[in-house]
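K.L.:
Protein chains in written order, with the working numbering: chain A, 12 to 395; chain B, 26 to 329.
I have a structure I would like to understand better, so I am pasting it below and will then ask my questions one at a time.
Below you can see the structure in the form of structure tokens.
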């Protein structure tokens, strides 16, 4: 069934089709339509779930974690200030191996108050042990939620499905809404190997001495390392059923490209327009859109970029005192493989400033004009 | 021939069940009131119970991984999330078909009066189906005796040294909970196990948010003798420092124990090193505060 829906509703549909059993969420702009539609879905009985309308995002994540421990499939959604309020509990979910799935609308962090897109909220949660997927269309948002449940529950690692404020969250697009039967065949009910129940009493998350703690973290990393292969596998399975492949990255005209943009989110979609226009002008450009940020798809990224002559990483985020966060990751993926490949680090679009095909063309011009990549941040569109 | 006393002892009926869901192997200090509170509560709740325990003495008392002194499941949750975790756990259990288990948030006074009050207020306003139990030892004892908003006026703690002892009264958490109009709330004391047991039983049978505030002396933090724990708990009821009462829907107040003769607080304070620095004048001020609180409670009870 095809429907014209907003990106936020794609998250709600993903949760409904994924048969989330416990939802705990708190409203925040630009996420509110996610919880509004979920409230209606629960109230109408379309979704058989308990929706705990909590008093904060911190409590939302706490409730999801505990519900997950009981063996229920859990979902929440938030943005920016809400996500960072959850920070402590993000560690709790991954450390306790509760496969909560959460939508996060990328919104710039205050101050000053901003409700517009950039990626610093979710990227600053990089080291919390969550899988992070970045989407660039409403369809991808819906598909990604369903896949996220599957990947998370197989490995007992929580997932964040990330989408840009407004450019996705409030934008209406045609979305193919899969049949429930087919989704059920793809995503069986959550059945964790261990759960909290009085019939087999255990203490979860208690005081853990240096004798044991280290191994718990080692195991989390070992399972994290299984994510890329699992994303490939579950992605192919999804493609067979629904005709759409999710995967770790999107390779757009990279194979013969001299200049490859590395981008994510809606900017990664915009980049395709720029690539086409540049190619029409005789410049062999390509775009590598990162869909899986954690764990970082080092191998895929390396395979694609290694063939290029120049790489331009476009970050809508910043790690203060360093630079673009994807830029760091890309350089780390190439380290030891090709020391001569110039990798440029661009920062643009913070706080929701538009990232247009023109932005990418400006980036291309800069990269093409230089022999070597500078080590400093290259700012695009900043007023100085 | 057996003496009358021996005969009487043989036929004496125990007022609490002999079933134990708490083992003797645990990490509590000598004379710990919080440990007794757990033991009595579990006798009332039975095996079909699940606990959410945030950071507090009990997250240590239970023992380190992979041990647990309790025969019921525990989720050791984040400090400020006892109520929200319990709400989530209850919802999760129900969705997987377990509608019977009593889900308990079990927190200390810091986790209840201070850092956990937002989550508690949220759960109570929603009337989430949880039993929230606060064992109150009147300071952050697990971290080493720092003042909380449950610390009474005049008390020494490591963050309220003698020269700057706590100069604000204890927060009235019970009045705050009553303002939420929850179906059931009660104060209880480890010094009155039968009353505590009865209230826990009653709370178990009620749906919605239930709140119990259990007085649990702490010899390590109060600088009292371990063997005085029960005595102090009983004294606090007899001198009306910690009266035992129930409130239904925030309105119906029932006083459970009305001392025949209301005792002055002096002896109670003298047994605790944390009050040794107080002058006559301070003690008089504390007595006046106790009297005011007691009078306010009686008026509420009488109004019902």
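Backbone N, C-alpha and C define an ideal beta-carbon position, used for all residues, glycine too.
These numbers come from a predicted model, not from an experiment.
Under 6 Å Cβ to Cβ from residue 85 (chain A), same chain only, skipping five residues before and after it: list those, please.
P.N.:
33, 75, 78, 79 and 111
K.L.:
Which residues in the same chain as residue 139 (chain B) place their Cβ atom closer than 6 Å to its Cβ, once the five residues preceding and following it in sequence are excluded?
P.N.:
Around residue 139 (chain B): 173 and 174.
K.L.:
What residues in the segment 138-159 of chain B have a beta carbon less than 9 Å from any beta carbon of chain A?
P.N.:
143, 144, 146, 147, 148, 150, 151 and 153
K.L.:
Of all the CB atoms in chain A, is at least one closer than 8 Å to the CB of residue 338 (chain B)?
P.N.:
Since the first residue of chain B shown is 26 and the last is 329, residue 338 (chain B) is not available in this structure.
K.L.:
Spell out whether any CB of chain A is found under 8 Å from the CB atom of residue 99 (chain B).
P.N.:
Residue 99 (chain B) counts as touching chain A.
K.L.:
At a CB-CB cut-off below 7 Å, which residues of chain A make contact with residue 120 (chain B)?
P.N.:
32, 33, 61 and 83
K.L.:
Quick one: what does DSSP say residue 173 (chain B) is sitting in, helix, strand or coil?
P.N.:
coil
K.L.:
Nearest chain B C-beta to residue 164 (chain A) closer than 8 Å, yes or no?
P.N.:
With its beta carbon at least 8 Å from every one in chain B, residue 164 (chain A) lies outside the interface.
K.L.:
Under a three-way DSSP split, which group does residue 103 (chain A) fall into?
P.N.:
helix
K.L.:
Whose Cβ in chain B lies nearer than 9 Å to the Cβ of residue 69 (chain A)?
P.N.:
Contact annotation for residue 69 (chain A) against chain B: 103, 105, 106, 109, 143 and 144 [CB-CB distance below 9 Å, chain order].
K.L.:
By the criterion of Cβ-Cβ separation under 9 Å, what are the contact partners of residue 98 (chain A) in chain B?
P.N.:
Correct list: empty, because the minimum Cβ distance to chain B is about 11 Å.
K.L.:
Would you list the one or two residues that DSSP bridges to residue 77 (chain B)?
P.N.:
Paired residues: B:100 and B:130.
K.L.:
Under a three-way DSSP split, which group does residue 117 (chain B) fall into?
P.N.:
Residue state for residue 117 (chain B) is assigned as helix, using DSSP reduced to three classes.
K.L.:
How is residue 259 (chain A) classed by DSSP in three states: helix, strand or coil?
P.N.:
coil
K.L.:
In chain B, which residues lie less than 8 Å from residue 64 (chain A) when you measure between Cβ atoms?
P.N.:
151
K.L.:
Distance, Cα to Cα, residue 273 (chain A) vs residue 231 (chain B)?
P.N.:
Spanning the two alpha carbons is a distance of roughly 58 Å.
K.L.:
For residue 206 (chain B), which of helix, strand or coil comes out of DSSP?
P.N.:
coil
K.L.:
Look up residue 215 (chain A) in the DSSP assignment and give the residues it is bridged to.
P.N.:
B:100
K.L.:
Would you mind telling me which residues of chain B sit closer than 7 Å to residue 188 (chain A), beta carbon to beta carbon, in chain order?
P.N.:
Within 7 Å Cβ-Cβ: nothing; residue 188 (chain A) doesn't reach chain B, min ~24 Å.
K.L.:
I'd like to know whether the C-beta atoms of residue 121 (chain B) and residue 82 (chain A) end up nearer to each other than 8 Å.
P.N.:
For the 8 Å CB-CB criterion, residue 121 (chain B) and residue 82 (chain A) form a contact.
K.L.:
Start and end of the alpha helix (DSSP H) containing residue 281 (chain A)?
P.N.:
If you look at residue 281 (chain A), you'll find it in the alpha helix (DSSP H) that goes 278-291.
K.L.:
So is residue 126 (chain B) in contact with chain A if we call contact Cβ pairs under 8 Å?
P.N.:
yes
K.L.:
Taking DSSP as the reference, what is the three-state secondary structure of residue 187 (chain A)?
P.N.:
Here residue 187 (chain A) carries a strand assignment [DSSP, helix/strand/coil].
K.L.:
Between residue 132 (chain A) and residue 117 (chain A), is the Cβ-Cβ spacing less than 8 Å?
P.N.:
yes
K.L.:
Bridge partners of residue 273 (chain B), per DSSP?
P.N.:
B:277
K.L.:
Any contact between the segment 262-270 of chain A and the segment 332-344 of chain A? By contact I mean 3 or more CB pairs, one from each, below 8 Å.
P.N.:
no
K.L.:
Does the beta carbon of residue 88 (chain A) come closer than 8 Å to any beta carbon on chain B?
P.N.:
no
K.L.:
Give every residue of the same chain whose Cβ lies closer than 7 Å to the Cβ of residue 187 (chain A), excluding the five residues on either side of it in the sequence, and list them in chain order.
P.N.:
Result list for residue 187 (chain A): 13 and 150, in chain order.
K.L.:
Note down the Cα distance separating residue 105 (chain B) from residue 127 (chain B), rounded to an integer number of angstroms.
P.N.:
Taking the straight line from one Cα to the other gives about 20 Å.
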